[in-house]
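Residue numbers for the sequence shown follow our numbering, so the first one is 90 and each next one is one higher.
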Amino acid sequence: VLVQMDSPHPYESPHHLHENKRRSHVPLRSHLTLESAVRGFLPTSQQELPAGEENKRIQSLAGNDWQFCLYPSPDWVPEGWETNPKFDHYDAEEGWGAISVPGNWELQGRGVPIYANFTYPIPLDPPRVPANANPTGCYVKHFSYTPPPVPGKMGKRVFLQFEGVDSFFQCWLNGSYVGMSKDSRLTAEFDVSHLIKGGKNFLAVQVLRWSDATYLEDQDMWRTSGIHRDVLLCTKPALHVADIAVTTPLSFGSDEGAADGGPPLTSARLESLIYLEGPSDEALAKATVTAHLVRQADGQAVMDPIKLSVTAGKWYARDMADMAAAEASHGKKFPGGHGGVAKLSVDALAAVHGGPQLWSAEAPNLYVLVLEVTDDGVEVVERESCQVGFRHTAVKDGKLLHNGRPLMIQGVCRHEWDPRTGKALSEESMLRDIKLLKQSNFNAVRCSHYPNHNRWYELCNIMGLHLVDEANMETHGFDPVFKDNHMHPANSSQWLPAMLDRCSRMYERDKNHPCITLWSLGNECGYGPAHDAMAAMLRAKDPSRPVQYEGGGSRTSATDVVCPMYPRTKQIAALLTTGKDHRPIVLCEYAHSMGNSTGNFRDYWQQFESTPGCAGGFIWDWADQCLEAVWQEELQGKEETAEEAGGSARKRQRRGSKSGVTKTEIKAGAIEPGRRTAVVVAAAEKQLAEQAAAKPAATPKGKAAAKPAAKKGGGRGKRSAAAAKAEEEQAAEVQAPKPEADKAKALRTFWAYGGDVVAPHPDPANNAPHDGQFCCNGVVAPDRTPHPALHEVKAVLAPLEASLAEGPAADGTLQIRLHNKYDMLDTQHLQLNWRAMAEGQPLDLGAPGDGWQALENVPTIAPHASLLVPLPCTMEKVQAAAGQASQVFIELQATLKDTPLWAEPGHVVAAMQLPLQLPSGAPQGSLVQRLLQRQGVAEAGVLAAAGGGEGEGQAPKIEETPELLTLHCRGGEVAVRISRASGCVAGIMLKGSQLLEGELQPCLFRACTDNDRGGSKGSSYAARWLAAGLDRMERAGPCKLETDTKGGVTTVRSSWTMKPRQLSKEEVEAHASKASGAGVGESGGSHWFAEVETLEEEAEQVSAAEGGGRGAGAPSGTEPALQSSGKEAAEGAEQAGSGSSEGEVKVEVVYTVHGASGLVESAWSVDAQRALPAPLPAGLTHSLPRVGISAPLNGALSDLSYYGRGPHENYVDRKYGAHMGLFNASVPELRCPYVFPQEHGGREDVQWLLLRASAHPSMPSAAKEGKSKEMAAAAAAAA
């Protein structure tokens, strides 16, 4: 990529990384007490520090009392605002107002959030950013500083820390320049010892939305700006700890003969370099450091204190350059610039009482290393601490090993995002995610795609999650379809310092966290020399963790694991069978979980677990990234519920109606409902951009002639009266409360995605870029409500697996085979329970009620081992208890005996259902009759004949007209009407009540899922289905109808042909529009093999977007549709139904009507071999969205019971975690509210369905009781 380095601005200079920023180091808090140093890592609610022991050396500047103003660009910022605490522009007329920090200004009524996958939200012109459309936020904070007591006479140091600012900022303290920084996800720390004063202080921060750093942060996410993490003041004594580096080298013996199947620990060391700073070499030489090792769980010391001497020398000084610059600019000497180091190196096997317990996600045994610094060997001046876990991860013999054992990554990718606060996450939000992740059997998280908040790592250390720590880099927009790798900044020496700096600073901040298992060089940045440099740096600094990077084909020399995106299971097997690469495979992304998806997930895990060298992967991704928004409808005197108003508002907005939604608000922080509206904000920001574009081009800062001069009254120079008035109006529009909003008659929240909040683009040709609902890829909803896919994931990832043994034990009891899938743990911490179920009802085998009983005396099972375990019952006992039941299951649960921090008491880690094959010849009655009787349906006896047979008694009375064939049954109580024109059942009447509101028609289409839409150039499943006309099938030609009566049964045979209805030109265009939309693009999977090699299945080298038609959808690629499928869909729509036989579907149905009971059976045959055009594009399989029947039912039938899989939504390729049972629900309760409307609510293996009429206003009250069960019985019969 060509980069012009002629910009005078630091925010357009990739080589200009920072000014006055201190070197990166681990988080330091300068604790006053040992207890604070240990308990400070615990969740806040559990720290329980005695009064007065809280850390007074850390002062947070967070709060909602910051002052803020948003300007169109840096050149619009008035002179002097940052240096004068009484600046006369800090008023509402100028646009200033209160704002919360941390927070994103777009979620607090200023500016507009933009969701984009990889399309840059600014024109691609690196390193330049739009000169006149670069929103610039100015923050002001007035605060009081009371210097905390510092022991000794050496003085103190005060550091100002910004933990996360997007994307470029400069700051001033008390009118003096402090420094500047880039990289929105890492801490920027400045020494302000010479600037801060006791009492009142004045901090000014200027943040730019766009900078050259924007080109390195092109992640698939919402683009929001501002100070989104905490701002801290850290006061430390002049003699203090500046950094801590801890390592825990481990060695293991052979695992042959080991009792638990794992290798024994033969050596373990605890080593640490403690870097110190002080006012002089003499002071450092007199200092000592005392090391304590404390167990995190109970605060008990596990190692005798060890005193360490300090070696002084400027070689160890970490801030000499910063101090020299400060001294030069302020003309005085500061207490810094001298450094020293203390070294800790002990044999942990001997020094740690009882030996060190190893850290893993399954057993997060955690310690805290506390370091006490004394200035003269007596007085403690500060205590620093860091979490320590004895761990080691390595790649060896084609395996990913953690602590010497093979590690299977059960991971998910996770963005830092909250639907209400955006990038500003609270500890409560992090804990909520960690607990749900652990409860769902995940053991790993990929920090996608940047270093997370430091608190996240501390909590993961405690709770137990393996993390991939990823450098804050993605440059996907330089090469969207992965064909021009040379375009990426990784191949430019001008970007090398910035990329290496980001990776190095990530390592320095996070190096001690035991939860970090792999380092990642970023995401989708191509491949170049920068990656080799980063990998070399990490390997040299940290041999205890492998490096991961997918770019360049996932198998470059920069990665220690092969980490492709979205390969198929056969491609994974092919990789491992070629013998060309002996690195383990970890899928950095797979199982694309957008909307109703995550199908075939168990197939992946069967492949992982059966193939040596597979080490799991990371689902894309954890949570739908949405914003909580409010539609506010002006009702114009019409009474309307909030739900109706919100729904109609969104519907109009989706159609692009000009009437549209009058108000939209993004709820966040302290912003009051109705105060600001996103539609208005978007218009205001566009107005800002237009104003800036109309202004003469600004010259570089420092040339005052080109700078708009501040005038009295808060105006800017060189503005017309109209411009001034327009600016005042936009300021009032953006900042002021909206009193009319409080009068809204209806409010409804919904999840907003790209396009719901429209942002102007600096380039008029590319206005309002967004990628629709492509931010909705999670296995949980934005508020962390689990999607049905999460139930499947939890079941597949369960640590215990069971199967029924082929034969009974010697004493005749049933046996099950248990397999322990834990990598590190045996099963002694689990309680096993079991029961037997027959057709959804527990059997009484000695445990009344729900039938659960403990499985006693189960031997402990070692990791990855299996064991036969007897059940305390025989097949005969189960059969006797089951009676006439035809289906019996053995159900098992594994629960936790203890309650870790992430679980509730009795948490279920595994739930299994095993079908029990009853002996041949076992009595099996009518399933329908038994279930109807259990449900209390009075007609159960009448319908006992369900299942067929010619039957006895009177045959149906047939009434014929030119339009209908009507069969009267049960003495006229039941009437079945069949249309002669369509061949379909047109109605079923029961005692005068109509059960069907329309015809029972064949159904070949359904709402498309998000992954159905994945693809481009007409190759997505959705585009092909629409082009084939499957959404508009109709009867072509006459219908053949034949009847035959034998005994008490009449058979009606009907057959016809269906073809797509011919479309008008207008409808063709509309269909082209329907076929396009955000989805999963084929290019997403095309780059996982950069070099095409001769591999089995690799000849199919296409997208991994193989999903939608066969169920919930197989995993797919990650790129949005290229929006070019419309043309091909239109061409297909014109061709479909043109008279050729292509597109024909032949249908035959046989109705069997029982005269005595009114039972109606139907058997359908659908020949759809010519429904889709041939040949198919490479990689796609023959697939239809649906082959079924549908009919509108009487609205009164709104309650149901069914025997099938549940209780949650499930599909043929996503049903492992849904057990067979008898479930009751209302029709609305079957709904699964995905963010983007699509196919949902499926239930698999349904063998019986009962519909009941609930209280319904359209039914006479006298009929509610009398006809409810009758309708239910007839519906059951029809099912």
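Glycine residues also receive a C-beta, built at the ideal position from the N, C-alpha and C atoms.
Note that the structure is predicted; figures quoted are calculated from it, not measured.
Beta bridge pairing from DSSP links residue 1310 with 1293.
If you look at residue 618, you'll find it isn't in any beta strand (DSSP E); it sits in the alpha helix (DSSP H) that goes 618-630.
A check of alpha carbon separations from residue 595 across 1328, 1301, 112 identifies 112 as the nearest. Inclusion of residue 961 and residue 904 in the CB contact set at 8 Å is not warranted, their separation being larger than that value. The C-alpha of residue 548 lies about 8 Å from the C-alpha of residue 130. Considering only 586, 287, 599, 566, the residue with the shortest C-alpha distance to residue 612 is 566.
Taking all protein chains shown into account, residue 1155 has fewer than 16 neighbouring C-beta atoms within 10 Å of its C-beta and is therefore exposed. Shown here, residue 1235 sits in a strand according to DSSP, grouped into three states. Less than 8 Å separates the beta-carbon of residue 273 from that of residue 254. Following the DSSP letters along the chain, one finds residue 336 in no alpha helix (DSSP H) but inside the beta strand (DSSP E) bounded by residues 329-336. For residue 478, the closest C-alpha among the options 355, 525, 337 is that of 337. DSSP places residue 880 in the uninterrupted alpha helix (DSSP H) bounded by 877-885.
In this structure, residue 924 sits away from residue 890, with a CB-CB distance that is not shorter than 8 Å.
Shown here for residue 543: same chain residues with a beta carbon closer than 6 Å to its own, the five before and five after excluded, namely 116 in chain order. The DSSP assignment places 555-559, 605-609 as complete runs of the beta strand (DSSP E) inside the stretch 536-621, in order along the chain (cut-off: 3 residues). Bounds of any alpha helix (DSSP H) do not take in residue 190; it lies within the beta strand (DSSP E) bounded by 186-190.
Residue 692 places its beta carbon less than 8 Å from that of residue 658. The straight-line gap separating the alpha-carbon atoms of residue 505 and residue 1241 is approximately 58 Å. Here the alpha carbons of residue 636 and residue 324 stand approximately 36 Å from one another. Residue 276 holds the alpha-carbon nearest to the alpha-carbon of residue 110 among 482, 276, 1080, 497. Looking from the CA of residue 364, the closest CA among 397, 216, 393, 1284 belongs to 397. Counting along the chain, the unbroken beta strand (DSSP E) around residue 230 starts and ends at 225-234. For residue 1240, the three-state secondary structure derived from DSSP is strand. Non-local beta-carbon contacts of residue 1306 in its own chain, meaning distances under 6 Å to residues more than five positions away in sequence, involve 880, 881, 884 in chain order.
With contacts defined by Cβ atoms closer than 8 Å, residue 152 and residue 233 do not form a contacting pair. Apart from the 5 residues on each side of it in sequence, residue 982 sits with its Cβ closer than 6 Å to the Cβ of 922, 997, 1000 in its chain, given in chain order. Measuring C-alpha to C-alpha distances from residue 1090 to each of 1074, 1096, 1084 identifies 1074 as the nearest. Residue 310 is bridged by DSSP to 205.
Under the criterion of beta carbons closer than 8 Å, residue 1239 and residue 1142 qualify as touching, at roughly 5 Å.
In terms of Cα proximity to residue 291, the closest of 312, 486, 249 is 249. DSSP places residue 660 within a helical segment (H, G or I) once states are collapsed to three.
Per DSSP, the continuous alpha helix (DSSP H) segment holding residue 1016 begins and ends at 1016-1023. Positions of the beta strand (DSSP E) runs, each at least 3 residues long and wholly inside the stretch 117-182, are given as 147-149, 152-160 in order along the chain. Residue 1140 is bridged by DSSP to 1133, 1241. The C-beta of residue 941 has fewer than 16 other C-beta atoms within 10 Å across all chains shown, which makes the residue exposed. Between residue 560 and residue 591, the C-beta spacing is below 8 Å.
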